[in-house]
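FYI, the working numbering numbers position 53 of the sequence shown as 61, with every residue one higher than the one before it. Heads up, the beta-carbon is just placed ideally off N, CA and C, and yes, glycines get one too. All of these numbers come straight from a predicted model, not from anything done at the bench. Here is the structure we will look at, set down as structure tokens.
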Amino acid sequence: MSKSKTSEARRRFLRDAARTAVGVGAAATLLGLQSKQGQAHTSGGVPIRPPGALEGNQFDQACLRCGLCVQACPYDTLKLATLLSPVASGTPYFTARTIPCEMCDDIPCVVACPSGALDHSLTNIDDSRMGLAVLIDHEECLNWQGLRCDVCYRVCPLIDEAITLEPIRNQRTGYHAKFIPTVHSDACTGCGKCEQACVTEIPVIKVVPIELAKGYMGDHYQLGWEEKVELRDGQFPDTPAIAPSEHIRINDGGRK
């Protein structure tokens, strides 16, 4: 083989080896970023969108990734996602366990949004639905164990509306009561104060996106007590009324 051919083969070999090394290095970098993203997601909590965020893909399409809402937040709650964040780069979000939403009356993040990705029709922070608090782990909840913790209930900005304490019988003792934190989705704003204040090492109450937290009963179930349908004398609404004299009365097992 001539010297020119040998030199050309050597250059080709070195060029291919360099390309392979670059490719392997890039793949390793991407895998490392994905791993760190996963670690951030599990350790830092579930990422929650700012108040007034449009639903689903509408927010992703409308958001300019400008960061003005992050700059407007006076409590450093909102963050702008990076490559290592648990959401798409440039997206505003917060994690409740780290810094919850402080429920500003003037909602400066919404006011600062130039695109409407944060809905400007939101004028009352109590109407925001950033997410929904869910009591994830009953077994580790101190109140479920019969201890009086109540911290998530006490820190709730909408106490006795978004979170209430519901008494149930303590089966272990037979005579004490447990007071169970109960979240009401029609009032919970998803601010995350309950998750941030939870005293357990890993919070047993967490704020998650509403679409993950809630199911759907379906339209074929009718809840008469919500529709304010009056059912008297055990009758259905469409059945004719029975005159009082025609009622069948039962007394001591016999009819009169």
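Identify which residue in the options has its Cα closest to the Cα of residue i.
{"i": "E147", "options": "P211, L76 and V216", "result": "P211"}
{"i": "P116", "options": "S97, D84 and A89", "result": "D84"}
{"i": "P59", "options": "L72, P108 and A96", "result": "P108"}
{"i": "I56", "options": "F187, V215, C74 and C77", "result": "V215"}
{"i": "R156", "options": "A80, Y229 and L173", "result": "L173"}
{"i": "G75", "options": "E110, E63, S123 and Q66", "result": "S123"}
{"i": "T106", "options": "V191, T99, A61 and L86", "result": "L86"}
{"i": "A269", "options": "P100, S93, T90 and D68", "result": "In this structure the chain extends from 9 to 264, so residue 269 is not present and cannot be described."}
{"i": "D114", "options": "A125, P82, D227 and L91", "result": "P82"}
{"i": "S97", "options": "I218, D68 and A104", "result": "D68"}
{"i": "V54", "options": "A104, N65, L126 and C149", "result": "A104"}
Could you tell me the alpha carbon to alpha carbon distance between residue i and residue j, rounded to whole angstroms?
{"i": "G6", "j": "G154", "result": "The displayed coordinates of the chain run from 9 to 264. Any statement about residue 6 would go beyond what the structure contains."}
{"i": "C164", "j": "I213", "result": "12 Å"}
{"i": "A221", "j": "Y161", "result": "19 Å"}
{"i": "R137", "j": "S129", "result": "13 Å"}
{"i": "G223", "j": "V159", "result": "27 Å"}
{"i": "C112", "j": "L166", "result": "14 Å"}
{"i": "I218", "j": "H228", "result": "22 Å"}
{"i": "A185", "j": "D145", "result": "19 Å"}
{"i": "T190", "j": "I171", "result": "5 Å"}
{"i": "R177", "j": "L72", "result": "52 Å"}
{"i": "L126", "j": "Q179", "result": "47 Å"}
{"i": "A70", "j": "L62", "result": "8 Å"}
{"i": "M225", "j": "T90", "result": "38 Å"}
{"i": "E321", "j": "P175", "result": "The question about residue 321 has no answer here: the residues shown for the chain are numbered 9 through 264."}
{"i": "S92", "j": "C149", "result": "Here residue 92 is Leu; the residue named in the question, Ser, does not match the sequence. Rounded to whole angstroms, L92 to C149 spans 31 Å at the Cα level."}
{"i": "L231", "j": "N65", "result": "32 Å"}
{"i": "T50", "j": "D168", "result": "Model confidence at T50 stands at a pLDDT of 47, short of 50, so the residue's coordinates are unreliable; what they give is reported in the following sentence. So the alpha carbons of these two residues sit roughly 30 Å apart."}
Residue i and residue j look like a contact to me (Cβ under 8 Å); what is the Cβ gap, rounded to whole Å?
{"i": "F102", "j": "N151", "result": "At roughly 26 Å, the Cβ-Cβ gap does not stay under 8 Å, so F102 and N151 are not in contact."}
{"i": "L88", "j": "V78", "result": "5 Å"}
Those runs of the beta strand (DSSP E) which lie wholly inside the region 87 to 118 and span at least 3 residues: Counting whole runs of 3 or more residues, the region 87 to 118 contains the beta strand (DSSP E) stretches 100 to 103.
At least 3 beta-carbon pairs within less than 8 Å: the region 191 to 206 vs the region 114 to 132: Proximity of the region 191 to 206 to the region 114 to 132 falls short of the contact definition, fewer than three beta-carbon pairs being nearer than 8 Å.
Touching by the beta-carbon criterion (3+ pairs, under 8 Å), the region 202 to 211 and the region 126 to 136: With contact defined as three or more Cβ pairs closer than 8 Å, the region 202 to 211 and the region 126 to 136 are not in contact.
- prompt: Using 8 Å as the Cβ pair cut-off and three pairs as the minimum, do the region 198 to 205 and the region 139 to 146 touch?
  reply: Result yes; three or more Cβ-Cβ pairs closer than 8 Å.
- request: Please go through the region 115 to 184 and give each complete beta strand (DSSP E) segment of 3 or more residues, from N-terminal end onward.
  value: Secondary structure in the region 115 to 184: the beta strand (DSSP E) runs of 3 residues or longer, each lying completely within the stretch, are 140 to 143 and 171 to 177 in chain order.
Contiguous alpha helix (DSSP H) assignments of at least 4 residues, all confined to the region 180 to 210: Within the region 180 to 210, the complete alpha helix (DSSP H) runs of at least 4 residues are 201 to 205.
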